[in-house]
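Note sheet for the following structure.
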Amino acid sequence: MELWQEMIRNSVSSVDQLVEKFGIKREVAEQLDNFFQARINPYYLSLIRYPGDPIWKQCVPDEAELMDIDAPEDPLNEDDMSPVPNITHRYPDRALFLVYSQCGLYCRFCTRKRKVGDSSKISMKNLESAFKYLEEHTEITDVIMSGGDPLMLTDVMLEKILQRLRQIKHIQVIRLGTKMPCVLPQRITEKLCNMLKKYHPIYVNTHFNHPWELTEESKKATGMLADSGIPVGNQCVLMKGVNDDPQTMRDLMKGLLAMRVRPYYIYQADLTKGANHFRTPISKGLEIIDSLRGHISGLAVPHFVIDAPGGGGKIPLLPEYVLARDDNKIILRNYKYNIYEYPDVKDESNNDESSLYYRKPKLRKTIYKKAKTPKQVKIPVLQ
Ligand code: SF4
9 MELWQEMIRN
19 SVSSVDQLVE
29 KFGIKREVAE
39 QLDNFFQARI
49 NPYYLSLIRY
59 PGDPIWKQCV
69 PDEAELMDID
79 APEDPLNEDD
89 MSPVPNITHR
99 YPDRALFLVY
109 SQCGLYCRFC
119 TRKRKVGDSS
129 KISMKNLESA
139 FKYLEEHTEI
149 TDVIMSGGDP
159 LMLTDVMLEK
169 ILQRLRQIKH
179 IQVIRLGTKM
189 PCVLPQRITE
199 KLCNMLKKYH
209 PIYVNTHFNH
219 PWELTEESKK
229 ATGMLADSGI
239 PVGNQCVLMK
249 GVNDDPQTMR
259 DLMKGLLAMR
269 VRPYYIYQAD
279 LTKGANHFRT
289 PISKGLEIID
299 SLRGHISGLA
309 VPHFVIDAPG
319 GGGKIPLLPE
329 YVLARDDNKI
339 ILRNYKYNIY
349 EYPDVKDESN
359 NDESSLYYRK
369 PKLRKTIYKK
379 AKTPKQVKIP
389 VLQ
């Protein structure tokens with residue numbers, strides 16, 4: 009057994025352990041266990057500094073989860089967009105491929121908690137029909153392996169899946185969605201990296217949410233992936249009490265970039281059952297992006313997105329940088345809230361009023377309390 013597998017085996021998971029370690033009332037711990045089991049491996053447990061801290065909040069079951077169990081189980085409609093078991097085909101050229109039900113840690117905010125940890129819901133028996141679907145759909149050029157966590161598979165099992173995917177000629181890119189570099193970095197071994205690099209182009213999307221997760225161990229893990237030629241991106245979830253302040257996010261994004269992980273997305277928390285207490289106002293995400301863009305390297309600035317309820321996909325949100333615009337000019341503010349005018353070039357070819365990009369000869373205006381207007385720029389008055 010490898011070290012990481014032993015660590016999984018030594019995870020905190022039973023009701024008895026929840027009562028003993030975290031002081032949760034037995035009756036509540038039982039209800040939480042029925043709702044969504046706990047798994048906190050010894051590595052991640054060691055990152056907790058005090059009860060209720062940002063690490064604790066992500067992994068220790070909380071009574072608040074039982075308050076909104078009427079929320080949707082599948083807020084992103086993944087199951088309705090699943091043509092065969094284990095596949096979600098939402099975007100034209102990409103497919104989500106669920107390969108395993110287990111995770112190195114069960115995150116209390118998980119969007120897929122209806123399935124993770126349950127091998128009957130992400131069954132390996134269905135892999136054949138999933139491969140067949142991927143073979144038949146030649147428009148799919150990018151496959152995202154997820155779960156659960158694909159790196160919970162042994163190297164041998166993972167390699168079998170990768171070999172099979174690589175036999176499908178139209179699949180160009182394989183992505184692994186894995187939280188292991190963050191929650192159990194011991195999983196990233198030389199042996200794993202040597203195997204993965206036989207199947208390039210491989211990308212890894214990992215999931216760090218807080219600067220305390222950036223440890224020597226996780227730095228080593230992401231460094232090994234990068235040394236194997238695997239670009240590593242990070243998706244994080246914006247959560248109340250975990251990372252909902254600009255300084256925390258700034259430290260996280262800069263820290264990730266320094267360990268060769270490119271910040272990719274900040275997600276607005278999904279409307280997931282048992283996770284309402286993590287939700288933040290949308291303005292918080294916009295404030296965070298505003299505090300990053302221009303203030304730190306553009307390489308460290310992720311997209312802030314809402315994964316649209318009902319399966320609409322990821323929709324990016326930006327703070328307002330365009331104050332006004334017409335055929336002739338655009339009026340913008342920069343990261344310091346100074347205002348600039350840029351002369352536009354009229355698009356003579358676009359006379360289609362229904363086009364999104366057709367510009368009516370009228371300016372729209374956004375009020376910016378913070379904006380500093382230089383004398384030469386006039387913010388237009390609207391009728
Ligand atoms: S690792 Fe991912 S899939 Fe597993 S519980 Fe955490 S968020 Fe959910």
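Numbering (our numbering), first residue to last: 9 to 391.
Even for Gly, the Cβ is constructed at its ideal location relative to N, Cα and C.
| Item | Value |
| --- | --- |
| Contact the segment 12–23 vs the segment 46–58: 3+ CB pairs below 8 Å | yes |
| beta-carbon V191 near the ligand SF4 non-hydrogen atom, thresh 8 Å | yes |
| Beta-carbon contacts of Y207 that lie in its chain and below 6 Å, excluding the five residues immediately before and after | L170, R174 |
| Rounded separation between E225 and P193 - CA only | 6 Å |
| Short Cβ contact (9 Å threshold) for Y52 with L11 | no |
| Per-residue DSSP class, three states only, for V385 | coil |
| Assumed close pair V309, M247 - CB separation to whole angstroms, cut-off 8 Å | Contact flag wrong, Cβ pair sits at about 19 Å. |
| Whole-angstrom distance between N342 and F393, CA atom to CA atom | There is no way to answer for residue 393, as the model of the chain reaches only from 9 to 391. |
| Contacts around G318, its chain only, beta-carbon distance under 7 Å, and the 5 residues preceding and following it disregarded | N85 |
| 7 Å Cβ shell around W64 - same chain, five flanking residues per side excluded | I56 |
| Exposed unless 16 or more other CB atoms sit within 10 angstroms - verdict on G266 | Position check: residue 266 holds Ala in this sequence, whereas Gly was assumed. Looking at its Cβ environment, which holds fewer than 16 other Cβ atoms inside 10 Å, A266 is exposed. |
| Per-residue burial, I290 [other beta carbons within 10 Å of its own, 16 or more giving buried] | exposed |
| Coarse secondary structure for L331, derived from DSSP in three states | strand |
| Residue from E143, R301, D82 with nearest C-alpha to R102 | E143 |
| I323 burial status per 10 Å Cβ neighbour count (16 or more: buried) | exposed |
| Three-pair Cβ contact test at 8 Å for the segment 200–218 versus the segment 233–243 | yes |
| H215 CB to nearest heavy atom of the ligand HEM below 8 Å | Here the bound small molecules are the ligand SF4; the ligand HEM is not part of this structure. |
| Cβ-Cβ distance between G155 and S109 below 9 Å | yes |
| Spatial distance of V353 from N336 (CA atoms) | 7 Å |
| Selected residue, minimal CA-CA separation from E221, among N284, V250, P91 | V250 |
| Y272 versus K33: straight-line alpha-carbon distance, rounded | 39 Å |
| Cβ distance (whole Å) where V181 is taken to contact Y141 below 8 Å | About 17 Å separates the two Cβ atoms, so there is no contact after all. |
| Bridge partner(s) assigned by DSSP for Q243 | Y273 |
| Cβ shell of C111 (< 6 Å), same chain only, five flanking positions each side left out | V124, G156, D157 |
| L113 beta carbon near the ligand SF4 (any heavy atom closer than 8 Å) | yes |
| First and last residue of the uninterrupted beta strand (DSSP E) at V181 | 181–185 |
| Close-in-space but distant-in-sequence residues of the same chain around L161 (CB under 8 Å, 5 per side omitted) | V107, Y108, I169 |
| Backbone CA spacing between C67 and E73 [nearest angstrom] | 12 Å |
| S154 Cβ short of 8 Å to the ligand SF4 heavy atom set | yes |
| Spatial neighbours of H311 in its chain, beta-carbon cut-off 6 Å, leaving aside the 5 residues before and after | Y273, P324 |
| Coarse secondary structure for P158, derived from DSSP in three states | helix |
| I296 and D252 closer than 9 Å at C-beta | yes |
| Whole-number beta carbon distance between L40 and P69, since they are thought to touch under 8 Å | 4 Å |
| CA nearest to the CA of R258, picked from G31, P209, R301, M15 | R301 |
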